[in-house]
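Engineer: Sequential numbering of the sequence shown, starting at 1139, is according to our numbering.
Ideal placement from N, C-alpha and C gives every residue a C-beta, glycine not left out.
Right, I'll just put the structure down here and ask away after.
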Amino acid sequence: MMFHRVLRILALLILGLGFITPSFAAETDISFEADSVIINEEDGSLFATGNVIMKQAGMTLSADEVRYNKTEGRAVAKGNVVFVEADGATHKSDVMTLDSEFTHIVAETLRSRYPDGSFFTAKDGDIKTKSVSIFDGSRFSACNCDFENGETPIWDLRATSTRHNVETKTIIHRNVRMHIMNLPVGYLPYLAHPDWTVRRRSGFLTPTFLINSDLGFTASIPYFQVIDDTRDVEFTPFLYQRRGKALRTRYRQNWDDSELNMSLYTASVETFKKNRESVAAIDAGYGARIGNGWDVKARFRRASQDTFMRRYKFNGDTKLQSDVVAERLKQDRYYRVEMSDIQGLNAADTPDREPTILPHVVYEKVAPGMRSGQRIRTEISAIQVDNDEGHNMSRWTGNLELHDEIRTGRVVTDLKAGAIGTYYSIQKKPSDATTKTDDLGRITPQVSAGWRLPIAVTSNSRSAIVEPRLQFVHVGGPDMTDDIPNRDSADYRIDEGNLFLLNRYQGYDYLRPGSRADMGVSAVAQDAVLGEVSGFIGASYRISGKATKGLAVNERDAVSDIVASLSVNPDLPIAVSWAGRMASSDLTLNESRTNIAGTYGKLGYAVEHQQLAKSYFTSAASNLEELKLTLSYDLPKGWTAKGTQVWDLSNGRRKRDSATAALQWTGGIQDCLTFNLDYDRDVESDRDISASDQFMLTINFKYLGSITQKDIWKTKSP
């Protein structure tokens, strides 16, 4: 019975399509289905009922019944009407009138849903899919909610009429009221914004309002201008109630293999020099891919006055570095060319403490040796550095290193041999420096022999690999550490990463001849209770030669600091790690870093503690010690609270240092509104910059931009 019914419908369908010649049949991909079809042979009209489905060019119309008038070239659909556009936009109505190509739709009690989740409702809708659609008595929201089943959007716009221009990708509301959670909060006679397809659009962006005890009330309204597909510019004026005015200009441009991003700051504001000073700053970045694998990056940063960028909240950096870097990385070779210049923005910075590098050239090659397990590394570099704490000098370096790995049973033997050749031209030094200004050269041969013995240990509930390691190193050549200024190894501290290196200092200025023995034990374990556990302990013993000078706390000891680390990652929401260095004589901590992080229910936490001996800071009166606590908590309905507090514990103090806090809401599953309330305590001060407490409120409406308010009260540091 069902089979005969299907055949009857197919026959009616074929017959019906034969009458739809000038209009519906114009598109060859049209299809038509219905439970029942009645065709008027005189005028070619068609009346279909029951599960009517019409498809054409990726668009679909479904309804309880459809009446097609061939003469007028239109169809009227009634009852559970659903029209789906090719892009996925869905329109629902009780009654809908369509033209033969589905490009013009007139509907009553229209309900539209777009691919991004935003929706329209209207008493009447006149939709032209390729031009302008008009919605009377409209309601629009970008919130992805089930509005048809009564779910309330977080926010929506209700207007007497709304126009959607597909060509310009713009939505225009007239006599519009904004509602938040169904409560009216504002009225505008006219409101225009881009639709869901727009990536960039010229126009005004989100305004910012700032209240500051120093700057007064500040308003800024950015204007964004699209020049073409590859260029745009943004202008943001800042009007400070009591301190002047400023303008930030941002310009962006893309090419096929390069891009430019530039910000220019100009202002007439109060500085520590005068009531109104004309100041400017630039931050421009350029990147390009050129030649055979070269990656070029350039950044130019400069300010005409040292505090205005920080005081007026444009940038908090205390130094601005401009540089050009070209790099090329191949399978066995590395090339780098760098030029840079630094502008210091602290009150104590002077021109002789603003280093300039012109240029720094590095070539490195790693090649296989004469047999398997052997490799040869070659490095050639040249550098010219000026104004480096009063030093001007040139250095040419060649470094050749041979590494041979030999496996005998479970024992791994590492043999290394190399030579570093350096030539200096030292043109300038500070008046109190004991080094020379002269042309100096040296060759530093190096050789080492080391052994490793990986040992696997297993039991029912744990497994581990323990690897003891021993290495003997001899560094020859002349000792010229008193003649050559140390500019590239001044921050050296022995640690797990450099303990077994042939040139432990890694730089080339400080090379101390002598012999030493490096020893250590590393372990990695899996435990049923503790999870993954890893650790290391090691030290170095000076056999001959002078002690390291100016780079260690315990310079006279033959045994270096003991380097140790421990990391525990159990199968629990917590992880613990510690790393430090202890004096070999009395195990005093010279440096330590402890991190504990995890979650407990909805609470996330992280504790960081670090300590460093005062000997590493020439101006320090005590050891440096700092504690940082970070907390986050997931509140109901999409809210999240976060906070960070830093304490200065140096010299036994418990001083509250910088702090941040935030209350955030992302709008939950509706994805149309974000809310942020941020607090920031900044204790840094310099010249006309004082410590401050800052509050910032940000409300961001999807497609409409954001409303931002910043409340800043400056206070004296405790």
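Just to confirm, is the Cβ distance from V1204 to A1213 under 8 Å?
Structural biologist: As a position in the sequence shown, residue 1204 is number 66, starting the count at 1. As a position in the sequence shown, residue 1213 is number 75, starting the count at 1. In this structure, A1213 lies closer than 8 Å to V1204 by Cβ.
Engineer: Does the region 1583-1593 come close enough to the region 1566-1575 to have 3 or more Cβ pairs within less than 8 Å?
Structural biologist: no
Engineer: Given a cut-off of 8 Å on the beta-carbon distance, is the pair T1241 and R1249 in contact?
Structural biologist: Taking the sequence shown and counting its residues from 1, one reaches residue 1241 at position 103. Taking the sequence shown and counting its residues from 1, one reaches residue 1249 at position 111. Cβ atoms of T1241 and R1249: not closer than 8 Å.
Engineer: With the cut-off set at 8 Å, would you say G1688 and A1713 are in Cβ contact?
Structural biologist: As a first step, residue 1688 must be located in the sequence shown, where it is residue number 550. As a first step, residue 1713 must be located in the sequence shown, where it is residue number 575. For G1688 and A1713, no; Cβs fall outside 8 Å.
Engineer: Where does Y1738 land, buried or exposed, given buried means 16+ other C-beta within 10 angstroms?
Structural biologist: Taking the sequence shown and counting its residues from 1, the one referred to as residue 1738 is at position 600. So Y1738 ends up on the exposed side.
Engineer: Does S1599 come out as helix, strand or coil in the three-state DSSP assignment?
Structural biologist: As a position in the sequence shown, residue 1599 is number 461, starting the count at 1. Reduced to three states, the DSSP call for S1599 is coil.
Engineer: Work out the CA separation of M1508 and D1633 for me, nearest whole Å.
Structural biologist: Position 495 of the sequence shown, counted from the start, is the residue given in the question as residue 1633. Position 370 of the sequence shown, counted from the start, is the residue given in the question as residue 1508. Cα to Cα, the separation comes out at about 32 Å.
Engineer: Over what stretch of residues does the alpha helix (DSSP H) that includes R1134 continue unbroken?
Structural biologist: What the structure shows of the chain is the stretch from 1139 to 1856, and residue 1134 is not part of that stretch, so it cannot be assessed.
Engineer: Helix, strand or coil: which one does DSSP assign to D1490?
Structural biologist: Mapped onto the sequence shown, residue 1490 falls at position 352. In the structure shown, D1490 sits in a helix (DSSP, three-state: H, G or I).
Engineer: Assign W1393 to one of two classes, buried (16 or more other C-beta atoms within 10 Å of its C-beta) or exposed (fewer than that).
Structural biologist: Walking along the sequence shown from the start, residue 1393 turns up at place 255. Label assigned to W1393: exposed.
Engineer: Put D1207 into one of helix, strand or coil per three-state DSSP.
Structural biologist: Position 69 of the sequence shown, counted from the first residue, corresponds to residue 1207. It should be noted that the sequence gives Asn, not Asp, for residue 1207. Three-state result, N1207: strand.
Engineer: List the whole-angstrom C-beta distance separating L1727 from W1716, where the pair is believed to meet the contact cut-off of C-beta under 8 Å.
Structural biologist: Residue mapping note: residue 1727 aligns to position 589 of the sequence shown, counting from 1. Residue mapping note: residue 1716 aligns to position 578 of the sequence shown, counting from 1. Wrong, their Cβ atoms sit about 11 Å apart, outside the cutoff.
Engineer: Please return the same chain residues whose Cβ sits closer than 6 Å to the Cβ of F1410, not counting the five positions on each side in sequence.
Structural biologist: In the sequence shown, counting from the first residue as 1, residue 1410 sits at position 272. Here the set comprises R1825 and D1826.
Engineer: I'd like to check one pair, V1659 with G1676: are the Cβ atoms closer than 8 Å?
Structural biologist: In the sequence shown, the residue the question calls residue 1676 occupies position 538. In the sequence shown, the residue the question calls residue 1659 occupies position 521. Yes, these two residues count as a Cβ contact at 8 Å.
Engineer: Could you have a look at N1789 and say whether DSSP puts it in helix, strand or coil?
Structural biologist: Translated into the one-based positions of the sequence shown, residue 1789 becomes position 651. The answer is helix: DSSP assigns N1789 an H, G or I state.
Engineer: Could you check the C-alpha separation between L1402 and R1448 for me, to the nearest Å?
Structural biologist: On the sequence shown, residue 1402 is found 264 positions in, with the first residue counted as 1. On the sequence shown, residue 1448 is found 310 positions in, with the first residue counted as 1. Approximately 15 Å between the Cα atoms of the pair.
Engineer: Compute the beta-carbon to beta-carbon distance between T1335 and K1307, rounded to the nearest angstrom, for a pair I have assumed lies under 8 Å.
Structural biologist: Here residue 1335 refers to the residue found at position 197 when the sequence shown is read from its first residue. Here residue 1307 refers to the residue found at position 169 when the sequence shown is read from its first residue. That pair is a contact at about 5 Å.
Engineer: Roughly how many whole angstroms lie between the Cα atoms of M1234 and A1215?
Structural biologist: On the sequence shown, position 96 is the one that residue 1234 refers to. On the sequence shown, position 77 is the one that residue 1215 refers to. M1234 and A1215: Cα-Cα distance of roughly 5 Å.
Engineer: Please list, in chain order, all residues of the same chain as E1415 whose beta carbon is under 6 Å from its beta carbon, the five residues on each side excluded.
Structural biologist: Here residue 1415 is taken as the residue at index 277 of the sequence shown, counted from 1. Only T1409 meet the Cβ criterion.
Engineer: When DSSP labels each residue in this structure, what does Q1459 get in the three-state scheme?
Structural biologist: Residue mapping note: residue 1459 aligns to position 321 of the sequence shown, counting from 1. Reduced to three states, the DSSP call for Q1459 is strand.
Engineer: When the distance is taken between beta carbons, is R1515 closer than 8 Å to V1499?
Structural biologist: Counting from 1 along the sequence shown, the entry for residue 1499 is found at position 361. Counting from 1 along the sequence shown, the entry for residue 1515 is found at position 377. Contact flag unset, no.
Engineer: Over what stretch of residues does the beta strand (DSSP E) that includes F1258 continue unbroken?
Structural biologist: Numbered from 1 along the sequence shown, position 120 holds the residue referred to as residue 1258. Where F1258 is concerned, the enclosing beta strand (DSSP E) stretches over F1257 to K1266.
Engineer: Considering only C-alpha positions, which residue in the set F1674, H1612, A1405 and I1292 is nearest to P1606?
Structural biologist: For the purposes of this step, residue 1606 is identified with residue 468 of the sequence shown, where counting begins at 1. For the residues F1674, H1612, A1405 and I1292, the minimum Cα distance to P1606 belongs to F1674.
Engineer: Go ahead and pull the three-state DSSP assignment for Q1749.
Structural biologist: Sequence index remark: in the sequence shown, residue 1749 carries index 611 (1-based). Of the three classes helix, strand and coil, the one that applies to Q1749 here is strand, per DSSP.
Engineer: Pop quiz: G1556 and L1538 are said to be a contact at Cβ under 8 Å. What is the actual Cβ separation, rounded to whole angstroms?
Structural biologist: Within the sequence shown, numbered from 1, the residue matching residue 1556 stands at position 418. Within the sequence shown, numbered from 1, the residue matching residue 1538 stands at position 400. Indeed they touch by this definition, with Cβ atoms about 6 Å apart.
Engineer: From this set, Y1562, A1655 and G1614, which residue's C-alpha is nearest D1621's C-alpha?
Structural biologist: Here the question's residue 1621 lines up with position 483 in the sequence shown. Here the closest residue by C-alpha is Y1562.
Engineer: Quick check on Y1325: buried or exposed, where buried means 16 or more other Cβ atoms within 10 Å of its Cβ?
Structural biologist: As a first step, residue 1325 must be located in the sequence shown, where it is residue number 187. Its Cβ having fewer than 16 others within 10 Å, Y1325 is exposed.
Engineer: What is the rounded straight-line gap between the Cα of Y1472 and the Cα of F1362?
Structural biologist: Position 334 of the sequence shown, counted from the first residue, corresponds to residue 1472. Position 224 of the sequence shown, counted from the first residue, corresponds to residue 1362. If I take the Cα positions, the gap works out to 41 Å.
Engineer: Can you give me the C-alpha to C-alpha distance between I1837 and H1747, rounded to a whole angstrom?
Structural biologist: Locating residue 1837 in the sequence shown gives position 699, counting from the first residue. Locating residue 1747 in the sequence shown gives position 609, counting from the first residue. Whole-angstrom Cα-Cα distance: 35 Å.
Engineer: Taking Cβ to Cβ, would you say D1617 is nearer than 8 Å to P1651?
Structural biologist: Indexing the sequence shown from 1 puts residue 1617 at position 479. Indexing the sequence shown from 1 puts residue 1651 at position 513. Yes; because the gap between Cβ atoms is below 8 Å, this pair is in contact.
Engineer: Spell out a yes or no on whether the region 1541-1551 and the region 1523-1533 are touching, meaning 3 or more CB-CB pairs, one atom from each, closer than 8 Å.
Structural biologist: no
Engineer: Give the range of the alpha helix (DSSP H) segment to which F1446 is assigned.
Structural biologist: The residue given as residue 1446 occupies position 308 in the sequence shown. Residues F1446 to R1449.
Engineer: Which one of Y1771, S1796, C1810 and Y1841 has the shortest CA to CA distance from E1822?
Structural biologist: In the sequence shown, the residue the question calls residue 1822 occupies position 684. Among Y1771, S1796, C1810 and Y1841, the Cα nearest to that of E1822 belongs to S1796.
Engineer: Taking its Cβ as the centre, do 16 or more other Cβ atoms sit within 10 Å of V1323, making it buried, or is it exposed?
Structural biologist: Indexing the sequence shown from 1 puts residue 1323 at position 185. The residue is exposed, with fewer than 16 neighbouring Cβ atoms inside 10 Å.
Engineer: For N1641, which three-state DSSP category applies?
Structural biologist: The count along the sequence shown starts at 1 and reaches residue 1641 at position 503. Looking at N1641 - three-state DSSP - the assignment turns out to be coil, as it is neither helix nor strand.
Engineer: Is R1427 buried or exposed, if buried means 16 or more other CB atoms sit within 10 Å of its CB?
Structural biologist: Position 289 of the sequence shown holds residue 1427. Burial state of R1427 is exposed, judged by a 10 Å Cβ sphere holding fewer than 16 other Cβ atoms.
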